[in-house]
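>
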Amino acid sequence: MIASLSFISIPERPFRDMSSVVILSFSDNELDEIPKHALSHFPNVSTLDFAKGKINFISRDDFKKNQDLRHLILVNNNISRIDCDAFPNKLRQIHLAHNRINSLNGTLKELESLESLFVNNNNISSLEGELPNSPFLRFILAQHNELEKVPKLATYPEMLAFNQIESINSDEFKDCRSLEDIDISNNNLKSTNGSMKSVMELRISNYSYNKIKAFNLDEIKGLKFLKTLDLSHNEIEYLYQEDYSEIHDKFHFTFEFHLEYNNLKSLNSAFKGINSLRSIILTHNKLEILSSEDFSGLPNLETLDVSHNVIVTLEQLAMTFLPNMKTLRASDNNITSLDKDFHNMPTLCQAHLNNNQITSVSYELVSNTQCTNLGVAGKLEVWLENNPIMCDSNTYTELCSQLARRNSRLRGKSQCYENDMEVCLDDPIDIINVENSNSYKIHHIPIMKAGGTPSTTKQRIATLTPTPQTIANPNQMMATIQTMYAQAMTKPLIIDTNNNNNNIIFNNNTLWKPEVITQPTPLPEPTILTVQDPMMSKRNTKEDNNDIKLDSL
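According to my numbering, the sequence shown is numbered sequentially starting from 16.
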């Protein structure tokens with residue numbers, strides 16, 4: 016190894032009689048040309064490494080004395096020109112990535128033993144007539160070039176992405192029926208042009224980051240092994256099928272379809288009858304409404320994501336039977352109400368509707384659902400974070416209760432709260448015993464934003480709602496607080512500027528009475544809930560040992 020020595024040139028004399036050397040590295044030097052005179056003393060070398068140098072060109076004489084060369088590494092140089100017939104015919108691998116090559120100049124055509132070719136990250140505009148007719152060639156990496164059309168040897172999916180390809184023939188892959196992956200992403204394609212039809216073994220098809228305007232789903236009929244179809248980050252405005260009558264006979268696969276970041280305003284029933292579609296991702300489009308026919312005949316659909324659109328209602332979904340739907344994502348839309356939208360999703364487990372304009376939710380929303388995963392019953396979670404309904408304490412408190420009765424759960428935080436917690440929890444209050452005392456701290460009670468004057472004051476606690484009762488001793492506190500939390504608030508704790516009382520007392524003589532407390536900035540000191548147990552008072556010398564403190568205010 017003669018690597019990392021900053022050599023500008025290699026003297027010939029030190030390398031006399033090196034016929035036994037088979038691996039030689041000159042990487043990380045300052046060489047600007049191949050030291051061919053030195054290499055003449057390595058006739059049996061099989062691997063040469065000239066990576067990370069400053070080599071400018073490859074001449075036809077550089078490797079003339081190295082006819083047994085199998086692996087040649089020239090990555091990260093400044094190569095801009097390669098002479099014709101510059102490489103030995105027995106080469107199996109050539110690494111030419113990260114150079115300045117515009118043309119391969121026909122130098123690879125006679126390399127009939129070539130197995131792998133790396134020419135990525137160059138300036139190559141065409142590979143037509145450049146590749147050898149080698150029966151051993153299995154891998155070509157040509158990403159990040161300036162290819163403008165698909166080379167005829169397109170059986171190598173790694174060579175197509177990150178180029179300048181503008182068009183593709185319908186029969187481009189006709190000789191590649193066993194091809195499993197196509198990655199032609201990050202090009203300038205305006206159409207797929209039916210190019211997938213003949214690739215019968217296709218499993219992953221990636222046409223993302225192009226300029227495709229429309230897509231005909233007839234193109235993927237018969238591709239029964241397809242697992243992923245990615246058309247995201249295009250300019251698709253129109254999806255369609257030409258012949259719905261054949262669809263059930265043609266689709267025998269289960270796959271996910273990515274269409275995020277396009278320009279779709281409607282779906283035109285394009286997915287109708289694609290009976291093994293498992294997942295549809297439609298985020299960041301311009302969808303306004305979903306029709307009952309858009310998802311008709313999709314018995315295996317499990318995930319539908321229509322987040323970040325301008326949808327105003329999901330009511331049409333109630334007319335489409337989706338027996339295996341598990342996850343619905345419709346956050347960041349303009350939905351205002353929910354009625355029986357989930358009625359035809361009997362196994363739904365997750366419904367994400369955050370950041371909409373929802374002010375009304377029917378208790379019938381979840382009356383026909385029972386979350387089921389792999390045959391195991393679970394609980395449907397309905398996420399409504401940052402919707403107007405989450406600021407209406409009476410409404411969402413009752414909604415929490417109603418959903419719970421139907422084996423569902425309301426999830427999410429509210430923009431109306433100052434503390435960071437969800438408004439509806441299975442175990443909403445945390446009571447911690449203070450070590451070496453009879454005191455308890457109660458955490459995690461929601462606090463609502465309040466105004467600054469008596470006339471503009473709003474509710475500060477929205478969910479802690481007591482029925483007047485006496486707490487006999489601290490052991491009763493957990494059950495009592497949980498009961499209070501679950502009830503609708505009728506006399507909430509109010510904040511104004513006219514009263515300094517911040518105590519609410521439980522004892523044998525005084526029932527819970529929501530008090531008026533001061534609203535300064537920042538928030539007032541913690542409200543104290545005091546439980547006075549007569550028996551405990553007789554045993555303790557300090558009267559406040561039994562205090563239960565509500566310190567999350």
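Don't be surprised by glycine CBs; every beta carbon is placed ideally from N, CA and C.
How big is the Cα-Cα spacing for Ile-462 and His-273?
Here residue 462 corresponds to residue number 447 of the sequence shown, with the count starting at 1. Here residue 273 corresponds to residue number 258 of the sequence shown, with the count starting at 1. For Ile-462, the pLDDT reaches just 35, beneath the cut-off of 50, and the residue's location in the model is therefore unreliable, although a value from the coordinates is still provided. The alpha-carbon atoms of Ile-462 and His-273 are separated by roughly 41 Å.
> Quick check on the DSSP output: what are the complete beta strand (DSSP E) runs of length 3 or more inside the stretch 343-402, in order along the chain?
365-367, 395-398
> Can you tell me which residues form a DSSP beta bridge with Lys-164?
If you number the sequence shown from 1, residue 164 lands on position 149. Lys-164 is bridged to Ser-182.
> Using only CA atoms, which one of Ser-346, Ser-131, Glu-275 lies nearest to Leu-329?
Taking the first residue of the sequence shown as 1, we reach residue 329 at position 314. A check of alpha carbon separations from Leu-329 across Ser-346, Ser-131, Glu-275 identifies Ser-346 as the nearest.
> Verify whether the separation of the beta carbon atoms of Glu-181 and Met-211 is less than 8 Å.
Position 166 of the sequence shown holds residue 181. Position 196 of the sequence shown holds residue 211. Taking 8 Å as the Cβ cut-off, Glu-181 and Met-211 do not qualify as a contacting pair.
> State yes or no: is the C-beta of Asn-91 within less than 8 Å of the C-beta of His-113?
As a working mapping, residue 91 is identified with position 76 in the sequence shown. As a working mapping, residue 113 is identified with position 98 in the sequence shown. The answer is yes: Cβ separation under 8 Å.
> Give the C-beta separation of Glu-127 and Pro-147 to the nearest angstrom, bearing in mind that I take them to be a contact with Cβ-Cβ under 8 Å.
Residue mapping note: residue 127 aligns to position 112 of the sequence shown, counting from 1. Residue mapping note: residue 147 aligns to position 132 of the sequence shown, counting from 1. That pair is a contact at about 6 Å.
> Please classify Pro-50 as buried or exposed, where buried requires at least 16 other C-beta atoms within 10 Å of its C-beta.
Stepping through the sequence shown from its first residue, residue 50 is reached at position 35. So Pro-50 counts as buried.
> Taking the C-alpha atoms as reference points, what is the distance between Pro-529 and Tyr-378?
Numbered from 1 along the sequence shown, position 514 holds the residue referred to as residue 529. Numbered from 1 along the sequence shown, position 363 holds the residue referred to as residue 378. Note on Pro-529: pLDDT 36, under 50, position unreliable in the model; the coordinate value appears next. When rounded, the distance between both Cα atoms is 30 Å.
> Per DSSP, Cys-241 forms a beta bridge with which residues?
For the purposes of this step, residue 241 is taken as the residue at position 226 of the sequence shown. For the sequence presented, residue 241 should be read as Leu rather than Cys. According to DSSP, residue pairing for Leu-241 in a beta bridge does not occur.
> Taking the continuous alpha helix (DSSP H) assigned at His-52, which residues delimit it?
For this step, residue 52 is matched to residue 37 along the sequence shown. Residues 51-54.
> Mind checking His-263: buried by the 16 CB within 10 Å criterion, or exposed?
To locate residue 263, count along the sequence shown from 1; it is residue 248. With a pLDDT of 49 at His-263, under the threshold of 50, the predicted position of this residue should be treated as unreliable, though the coordinate-derived value follows. So His-263 ends up on the exposed side.
> At the level of alpha carbons, what is the spacing between Asn-202 and Val-134?
Here the question's residue 202 lines up with position 187 in the sequence shown. Here the question's residue 134 lines up with position 119 in the sequence shown. For Asn-202 and Val-134, the distance between alpha carbons rounds to 17 Å.
> Could you check which residue in Ile-289, His-52, Arg-293, Asn-349 has the C-alpha nearest to that of Ile-326?
Within the sequence shown, residue 326 is the residue found at index 311, counting from 1. The shortest C-alpha separation from Ile-326 is found at Asn-349.
> Once the 5 residues before and after Glu-450 are set aside, which same chain residues still bring their CB inside 7 Å of it?
By 1-based counting over the sequence shown, the position of residue 450 is 435. Per-residue confidence for Glu-450 stands at a pLDDT of 44, beneath the threshold of 50, marking its modelled position as unreliable; the derived number appears in the next sentence. The answer is none, since no qualifying residue turns up.
> State the CB to CB distance for the pair Tyr-222 and Ser-193, rounded to an integer number of angstroms; the pair is presumed to be in contact (CB under 8 Å).
Working through the sequence shown from its first residue, we reach residue 222 at position 207. Working through the sequence shown from its first residue, we reach residue 193 at position 178. Rounded, the Cβ-Cβ distance is 20 Å, inconsistent with contact.
> Is it right to say Pro-338 is buried, meaning 16 or more other beta carbons lie within 10 angstroms of its own, or is it exposed?
Walking along the sequence shown from the start, residue 338 turns up at place 323. Flag for Pro-338 reads exposed.
> Take Asp-356 and list the residues in its own chain whose beta-carbon comes closer than 7 Å to its own, dropping the five residues that flank it on each side.
If you number the sequence shown from 1, residue 356 lands on position 341. So the list reads Leu-329, Glu-330, Leu-332, Ala-333, Leu-380, once near-sequence residues are dropped.
> DSSP beta-bridge partners for Ser-294?
Here residue 294 is taken as the residue at index 279 of the sequence shown, counted from 1. Its beta-bridge partners are Glu-271, Thr-318.
> Let me make sure I understand the geometry here. Which of Leu-418, Leu-389, Asn-369, Val-397 has the alpha-carbon closest to that of Gln-430?
Taking the sequence shown and counting its residues from 1, the one referred to as residue 430 is at position 415. A check of alpha carbon separations from Gln-430 across Leu-418, Leu-389, Asn-369, Val-397 identifies Asn-369 as the nearest.
> Roughly how many angstroms lie between the CA atoms of Leu-313 and Phe-286, to the nearest whole one?
Within the sequence shown, residue 313 is the residue found at index 298, counting from 1. Within the sequence shown, residue 286 is the residue found at index 271, counting from 1. Between Leu-313 and Phe-286, the C-alpha separation is close to 8 Å.
> Per DSSP, what are the beta-bridge partners of Ser-40 in this structure?
Locating residue 40 in the sequence shown gives position 25, where the first residue counts as 1. Bridge partners of Ser-40: Asp-64.
> Mind checking whether Asp-98 and Thr-122 have CB atoms under 8 Å apart?
Taking the first residue of the sequence shown as position 1, residue 98 is located at position 83. Taking the first residue of the sequence shown as position 1, residue 122 is located at position 107. Against a cut-off of 8 Å, the Cβ pair of Thr-122 and Asp-98 comes out as a contact.
> Please classify Ser-34: is it buried, with 16 or more other beta-carbons within 10 angstroms of its beta-carbon, or exposed?
Here residue 34 corresponds to residue number 19 of the sequence shown, with the count starting at 1. Exposed, because fewer than 16 other Cβ atoms sit within 10 Å of the Cβ of Ser-34.
> Less than 8 Å between the C-beta atoms of Ile-70 and Asp-47, yes or no?
In the sequence shown, residue 70 corresponds to position 55, counting from 1. In the sequence shown, residue 47 corresponds to position 32, counting from 1. Yes. Within cutoff.
> Ordered along the chain, which non-local residues of its own chain (more than five positions away) have a Cβ less than 8 Å from that of Asn-315?
Here residue 315 is taken as the residue at index 300 of the sequence shown, counted from 1. The answer, listed in chain order, is Thr-269, Asn-290, Ser-291, Leu-292, Arg-293, Asn-339.
> May I have a chain-ordered list of the beta strand (DSSP E) segments no shorter than 3 residues that lie completely inside the stretch 47-134?
62-64, 86-88, 108-110, 131-133
> Leaving out five residues before and five after Phe-336 in sequence, what residues of the same chain have Cβ atoms less than 7 Å from its Cβ?
To locate residue 336, count along the sequence shown from 1; it is residue 321. Here the set comprises Asn-359.
> Does Asp-309 pass the burial test, meaning 16 or more other C-beta atoms within 10 Å, or should it be called exposed?
Within the sequence shown, the letter at position 294 stands for residue 309. Buried.
> Which residue from Glu-271, Tyr-276, Leu-238 puts its Cα closest to that of Asn-249?
Residue numbering aside, residue 249 sits at position 234 when the sequence shown is read from its first letter. Per the Cα distances, Tyr-276.
> What first and last residue would you give for the alpha helix (DSSP H) that runs through Arg-420?
On the sequence shown, residue 420 is found 405 positions in, with the first residue counted as 1. Start and end: 408-420.
> Here's the rule I'm using: 16 or more other beta-carbon atoms within 10 Å means buried, otherwise exposed. How should Asn-518 be labelled?
Your numbering for residue 518 matches position 503 in the sequence shown. Interpretation of Asn-518 is limited by its pLDDT of 33, a score under 50 that renders its predicted location unreliable; the figure taken from the coordinates is listed afterwards. Exposed is the call here.
> Out of Glu-252, Gln-256, Ala-229, Met-215, point me to the one whose CA is closest to Lys-239's CA.
The residue you call residue 239 lines up with position 224 of the sequence shown. Its Cα nearest to that of Lys-239, the residue Met-215 stands out among Glu-252, Gln-256, Ala-229, Met-215.
> The beta strand (DSSP E) spanning Tyr-255 covers which residue range?
Start at 1 with the first residue of the sequence shown, and residue 255 comes out as number 240. Its beta strand (DSSP E) spans residues 253-255.
> Go to Phe-154, then tell me how far its beta strand (DSSP E) extends in each direction, as first and last residue.
For the purposes of this step, residue 154 is identified with residue 139 of the sequence shown, where counting begins at 1. Its beta strand (DSSP E) spans residues 154-156.
> On the CB-based measure, 16 or more other CB atoms within 10 Å of its CB, does Asn-515 come out buried or exposed?
For this step, residue 515 is matched to residue 500 along the sequence shown. Unreliable positioning characterises Asn-515 in this predicted model, as indicated by a pLDDT of 40, which lies under 50. A coordinate reading is not provided.
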